[in-house]
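Structure first, commentary second.
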Amino acid sequence: MIMALKQELEKQGNWLFRYRSFLPLIILFIGLAVFIETNWNRSISECNVYYELFCL
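Written out as structure tokens, the structure is:
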């Protein structure tokens, strides 16, 4: 069991290391899309309510 966990963590770590430059870009584009959507839609949306509740 411990060996399987170690192998799985190593596999995930290798994947994250290989794609380390693309992951922030994906997060950036998702954040940019949310930013643009909320600026075009000035009304209070569910996203804003959930964000405020999450921050509490």
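Residue numbers (my numbering): 1 to 56.
Idealized CB from N, CA, C, for every residue including glycine.
DSSP places Tyr50 inside the alpha helix (DSSP H), whose first and last residues are 46 to 55.
Secondary structure at Arg20: coil, using DSSP grouped into helix, strand and coil. Here the alpha carbons of Ala4 and Phe29 stand approximately 35 Å from one another.
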